[in-house]
Amino acid sequence: MSRKENQKIKKEDTTDPFFPERSQCFSKNWILQSNNHTQISELICLICGQIANNPIEISCTEHQELEGAFLVGEECLKRFLNSNPNSCPVRSHNHCQYAKSRLAQRYIGELDVICPLQFTQDSQQVSNGKGIKCNFSGKLKDLDDHLNSSCSLQFSKCWFQPFGCDHTCNKSELQQHLISKMQFHFDLVINPCLLFFFFFFEMKLKISKQWEKQKEAIQLNSQHEKLKLEMQSQKKKDEENLTFLKENLNLKKDSKTEAKKKQTQENGNQQMNENTQTYSQIIQSKESQLLQKEIEMKEIQKKHKQEIIKLQADMEAKLMEKKNASQLCNANKNEEQNECNNRSSSTVNFDWFYSAKTLKTFTRHSSIVWSIDYSSLDGGEFLCSGSKDKTIRVWDFAGNGQLKLFDGHSDHVYCVKFSPYHYHNYRCLVVCSASTDRTIRFWDFDTSEAFRVLKEHTNSVYCIQFSSFTGGRYLCSGSNDACIRLWDVETDQLAHVFKGHTNTVRCVEFSPLHNVKNRTSNSIGIIGGNGYTICSGSWDNTIRLWDVETSKEIAVFEGHENVVRCVKYSRNEIASDGSGNIILSGSEDKTVRLWDIRSKREIHMFRGHTNYVNCVDNLPIVNNGIGNANIICSGSWDNTIRFWDIRSGRELHMIKGGGDDGGIYCFLFSSAVNKLDAKNKTNESNKHFCLHYINDNKTRKNKLDVN
């Protein structure tokens, strides 16, 4: 910004240096009456040089090397941007980034100040001649209440201003003015009333006279209408009499001719009757002949139809035989080709898939289990589950059964997570749960009580997820109110609301943690989420990507033909900074899809499930040399977990539930080592357990060997 522009803006902003308008910056000289320079040195507006009112912090990446906070007043920034669109007041560049500074606003509000009207009076050395002074001394945030209610220097207008009294005076003198000018005020009020009364009386007389005239006109019109109707009825009667006379004359003339016509007509009718009898006999004989021929034709057609049906059945049978033979031949060829491919392929070995087996089944829930999560602490391994029966249960992962029961929700518990924030900061187990009762609750493992309840959502909460950065300090949640809310777990405050979906938000996910070497830079930004994103799936059939730090929508992925039930960042495509570039998604359209964040397009679609896809994940094995880094898996209501090869797009393997199982709703991978294997003294450290839920009110622990 040039020096001339800066001086021009300062000139505009300092029209009243002592007590500016409420939207302008505060006078520095006024503030310094009760504060020193060190207290306000960091609160100066870059544009006008005064104390920033409604401070906004400039956070452009162009001048990160400069020290200190860059604050401007909100009104000054608006004027600057009107004169210099899309530019920065700190340094000349485009795309200026700024945000309101709540901390600076709070600090400014705590500054000590005196009454600005008294300061103006003292600075200008003007006396009101009556010795009136305001002794206010308090916080800047309380100034509005003082000026509006208790300031003795504040001028008030006369109560009778609407009637014409323009007198203004101090509040303390207003009562004296009202008493001394009582007659004057009475005249101001009563004169318009008298004028209105006389005007109303005149109008009433005019209306009454006009009504009399209108009444006479109505009577004349009614008399005219009566005469008109009488004349019309008389004319009609005369016309009827005339037509009656004419008809009588015509009847007399035609009586003679009618007798002759009657005689000839009787003779003609007799002859016609004789002819019709003969014709009817001929027609009956012809109809009987036609009916007999129709019966013969129908019998012939029936025989032909039966022969045609037999021929069609024979032809269809032959075609089916040929089709089955060709399908059998093709199936044999495909099997041979698959065997050849399996023999020749050296990149993927499927033997480890077939080692999956059930190790433990946890049965205590009385209804559907919607969600599960895993955690370990001080050598213990724990599993938590949320259910339609409104409870959360914590299990000993090693197989010793239920440890805790949390009962407090009034409706379904749709999502449960162990809190990484409490794990990292307090070394304790805390379970977070989301429910269709519109609440999110935090449960103490020792007391089994909810010590915190978040109630900002206005409808059912379906999903929650802790941040991968700042040790899980932030929690995002998706709800039936079509909003995503970001919570600060440390302060219990709502940090932001993401709006963009047009229907229920069914699933949310934070992007993966950045590279460990660069973790010190993760604290950049207001909430420490610089470079991180949130991915969400919704009943509006879309997937949306949000920037955590700027709270803006980055991308919308459209392609699913039904509700998006699950999303996941891929661990298999990781950028140099550790952030995922691929998103996995599952939908009620029975497909699993891959999306490229960089190109914002769908890059692959997997078909095979015969019902809703409820959960997706990456296979977390990358160091065994068999190409597992390119394998994803999905669970569905069709009671199967399927494994897919990203490169070839093929289904590698399928784990199917038992006959009494209803469907897969959720699963997760755990890096825990089975205690049974420890007893057998196995040295295989790369073992993973797939925990998945089957829709029979049970949670099962499956072992998956991947050495």
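Here my numbering is used: the first residue of the sequence shown is 1041, the next is one more, and so on.
Glycine included, every Cβ here is placed at the ideal spot set by N, Cα and C.
(request) Could you tell me the distance, in whole angstroms, from the CA atom of Ser-1508 to the CA atom of Phe-1550? (result) On the sequence shown, position 468 is the one that residue 1508 refers to. On the sequence shown, position 510 is the one that residue 1550 refers to. Computed Cα separation, rounded: 7 Å.
(request) Give me whichever residues DSSP pairs with Ser-1672 in a beta bridge. (result) Taking the first residue of the sequence shown as position 1, residue 1672 is located at position 632. For the sequence presented, residue 1672 should be read as Ile rather than Ser. Beta-bridge partners assigned by DSSP to Ile-1672: Asn-1658 and Trp-1684.
(request) Could you give the DSSP three-state label for Cys-1116: helix, strand or coil? (result) Translated into the one-based positions of the sequence shown, residue 1116 becomes position 76. Here Cys-1116 sits in helix by DSSP.
(request) Would you check if the stretch 1509-1516 and the stretch 1483-1493 touch, i.e. whether three or more CB-CB distances between them fall below 8 Å? (result) Touching, no, given that fewer than three Cβ pairs across the two stretches are closer than 8 Å.
(request) Less than 8 Å between the CB atoms is what I'm expecting for Val-1545 and Ser-1519, so what's the real figure, rounded? (result) Here residue 1545 refers to the residue found at position 505 of the sequence shown. Here residue 1519 refers to the residue found at position 479 of the sequence shown. About 6 Å separates the two Cβ atoms, so the contact holds.
(message) Here's the rule I'm using: 16 or more other beta-carbon atoms within 10 Å means buried, otherwise exposed. How should Gln-1137 be labelled?
(response) For this step, residue 1137 is matched to residue 97 along the sequence shown. Within 10 angstroms of the beta-carbon of Gln-1137 lie fewer than 16 other beta-carbons, which makes it exposed.
(request) State the Cα-Cα distance for the pair Asp-1486 and Gly-1441, rounded to the nearest angstrom. (result) In the sequence shown, counting from the first residue as 1, residue 1486 sits at position 446. In the sequence shown, counting from the first residue as 1, residue 1441 sits at position 401. The straight-line gap from Cα to Cα measures roughly 17 Å.
(message) Once the 5 residues before and after Asp-1532 are set aside, which same chain residues still bring their CB inside 7 Å of it?
(response) As a first step, residue 1532 must be located in the sequence shown, where it is residue number 492. Contacts found: Arg-1492.
(message) I believe Trp-1483 touches Phe-1446 by the beta-carbon criterion, under 8 Å. Please report the beta-carbon distance rounded to the nearest angstrom.
(response) As a working note, residue 1483 is residue 443 in the sequence shown. As a working note, residue 1446 is residue 406 in the sequence shown. The pair is a contact, with the Cβ atoms about 5 Å apart (cut-off 8 Å).
(request) Pull up the CB-CB distance for Cys-1655 and Gly-1626, whole angstroms please, since I reckon it's below 8 Å. (result) Indexing the sequence shown from 1 puts residue 1655 at position 615. Indexing the sequence shown from 1 puts residue 1626 at position 586. Confirmed, about 7 Å.
(request) Identify, in the order they occur along the chain, each residue of the same chain with its Cβ nearer than 7 Å to the Cβ of His-1103, setting aside the five sequence neighbours on each side. (result) By one-based count along the sequence shown, residue 1103 stands at place 63. Same-chain partners within the cutoff: Val-1130 and Arg-1131.
(request) Measuring alpha carbon to alpha carbon, tell me which of Asp-1636, Tyr-1609 and Ile-1574 ends up nearest Glu-1758. (result) With the chain covering only 1041 through 1747, there is no way to say anything about residue 1758.
(message) Just to confirm my understanding: we take Trp-1435, look at its own chain, exclude 5 residues before and 5 after, and list those with CB closer than 8 Å. What are they?
(response) Position 395 of the sequence shown, counting from 1, holds the residue named residue 1435. Contacts found: Phe-1402, Phe-1422, Leu-1423, Cys-1424, Ser-1425, Gly-1441, Gln-1442, Leu-1443 and Thr-1739.
(request) Go ahead and pull the three-state DSSP assignment for Ser-1189. (result) The count along the sequence shown starts at 1 and reaches residue 1189 at position 149. In the structure shown, Ser-1189 adopts helical secondary structure according to DSSP, grouped into three states.
(request) Could you tell me how far apart the beta carbons of Val-1153 and Ile-1219 are, in whole angstroms, since I believe they sit closer than 8 Å? (result) Sequence index remark: in the sequence shown, residue 1153 carries index 113 (1-based). Sequence index remark: in the sequence shown, residue 1219 carries index 179 (1-based). Val-1153 to Ile-1219, Cβ: 35 Å. No contact.
(message) I'd like the span of the beta strand (DSSP E) that includes Trp-1070, first residue to last.
(response) The count along the sequence shown starts at 1 and reaches residue 1070 at position 30. Careful: Trp-1070 lies outside any beta strand (DSSP E), inside the alpha helix (DSSP H) at 1068-1071.
(request) Within its chain, find whatever has a CB closer than 8 Å to the CB of His-1186; leave out the 5 residues flanking it on each side and keep chain order. (result) Position 146 of the sequence shown, counted from the start, is the residue given in the question as residue 1186. Answer for His-1186: Cys-1155, Phe-1176 and Gly-1178, listed in chain order.
(message) Under DSSP, the alpha helix (DSSP H) around Phe-1159 begins and ends at which residues?
(response) Counting from 1 along the sequence shown, the entry for residue 1159 is found at position 119. 1156-1163 is the extent of the alpha helix (DSSP H) around Phe-1159.
(message) Does Ile-1096 pass the burial test, meaning 16 or more other C-beta atoms within 10 Å, or should it be called exposed?
(response) By 1-based counting over the sequence shown, the position of residue 1096 is 56. Flag for Ile-1096 reads buried.
(request) Under 7 Å Cβ to Cβ from Asp-1685, same chain only, skipping five residues before and after it: list those, please. (result) For the purposes of this step, residue 1685 is taken as residue 645 along the sequence shown, with counting starting at 1. Closer than 7 Å at Cβ, skipping near neighbours: Val-1388, Asn-1670, Ile-1671 and Leu-1692.
(message) On the CB-based measure, 16 or more other CB atoms within 10 Å of its CB, does Cys-1455 come out buried or exposed?
(response) The sequence position of residue 1455 within the sequence shown is 415, counting from 1. By the neighbour-count criterion, in which a residue is buried when 16 or more other Cβ atoms sit within 10 angstroms of its Cβ, Cys-1455 is buried.
(message) Assuming contact is defined by CB atoms lying nearer than 9 Å, are Cys-1472 and Phe-1506 in contact in what I supplied?
(response) For the purposes of this step, residue 1472 is identified with residue 432 of the sequence shown, where counting begins at 1. For the purposes of this step, residue 1506 is identified with residue 466 of the sequence shown, where counting begins at 1. Yes, they are a contact pair.
(request) Assign Arg-1383 to buried or exposed, taking buried as 16 or more other Cβ atoms, counted over all protein chains shown, within 10 Å of its Cβ. (result) Here residue 1383 refers to the residue found at position 343 when the sequence shown is read from its first residue. Note that Arg-1383 scores a pLDDT of 43, beneath 50, so its modelled location is shaky and nothing firm can be said.
(message) As an exercise, report each continuous beta strand (DSSP E) stretch of at least 3 residues that is fully enclosed by the stretch 1413-1457, in chain order.
(response) Secondary structure remark: continuous beta strand (DSSP E) runs of at least 3 residues inside the stretch 1413-1457, in chain order: 1420-1427, 1431-1436 and 1441-1447.
(message) Please report the straight-line C-alpha distance between Cys-1191 and Ile-1148, rounded to a whole angstrom.
(response) To locate residue 1191, count along the sequence shown from 1; it is residue 151. To locate residue 1148, count along the sequence shown from 1; it is residue 108. Rounded to whole angstroms, the separation of the alpha carbons of Ile-1148 and Cys-1191 is 21 Å.
(message) Quick check: what's the CA-CA separation for Leu-1245 versus Phe-1238?
(response) Indexing the sequence shown from 1 puts residue 1245 at position 205. Indexing the sequence shown from 1 puts residue 1238 at position 198. Cα-Cα distance, rounded: 11 Å.
(request) Kindly indicate which three-state DSSP category Phe-1509 falls into: helix, strand or coil? (result) The residue labelled residue 1509 in the question sits at position 469 within the sequence shown. DSSP places Phe-1509 in coil when its eight states are reduced to three.
(request) Give the DSSP-derived three-state secondary structure of His-1264 in the structure shown. (result) Your numbering for residue 1264 matches position 224 in the sequence shown. Helix.
(message) So, for Ile-1049: in the same chain, excluding its five sequence neighbours on each side, which residues have a beta-carbon less than 7 Å away from its beta-carbon?
(response) Within the sequence shown, residue 1049 is the residue found at index 9, counting from 1. For Ile-1049, the pLDDT reaches just 46, beneath the cut-off of 50, and the residue's location in the model is therefore unreliable, although a value from the coordinates is still provided. Within the same chain, Ile-1049 has close Cβ partners Ile-1087, Cys-1088, Cys-1116, Arg-1119 and Phe-1120.
(request) Report the partner residues of Ser-1625 according to the DSSP bridge assignment. (result) Taking the first residue of the sequence shown as position 1, residue 1625 is located at position 585. Within the DSSP bridge table, the entry for Ser-1625 names Val-1607 and Arg-1633 as partners.
(request) Starting from Asn-1210, follow its DSSP beta bridges and name the residues at the other end. (result) In the sequence shown, residue 1210 corresponds to position 170, counting from 1. Bridge partners of Asn-1210: Phe-1195.
(message) Can you look up Ile-1408 in the DSSP assignment and give me helix, strand or coil?
(response) Within the sequence shown, residue 1408 is the residue found at index 368, counting from 1. Correct three-state label for Ile-1408: coil.
(request) Would you mind stating whether Tyr-1652 and Val-1409 have Cβ atoms separated by less than 9 Å? (result) Within the sequence shown, the letter at position 612 stands for residue 1652. Within the sequence shown, the letter at position 369 stands for residue 1409. Between Tyr-1652 and Val-1409, the gap from beta carbon to beta carbon reaches 9 Å or more.
(request) For Tyr-1466, name the three-state secondary structure that DSSP assigns. (result) Here residue 1466 refers to the residue found at position 426 when the sequence shown is read from its first residue. In the structure shown, Tyr-1466 sits in a helix (DSSP, three-state: H, G or I).
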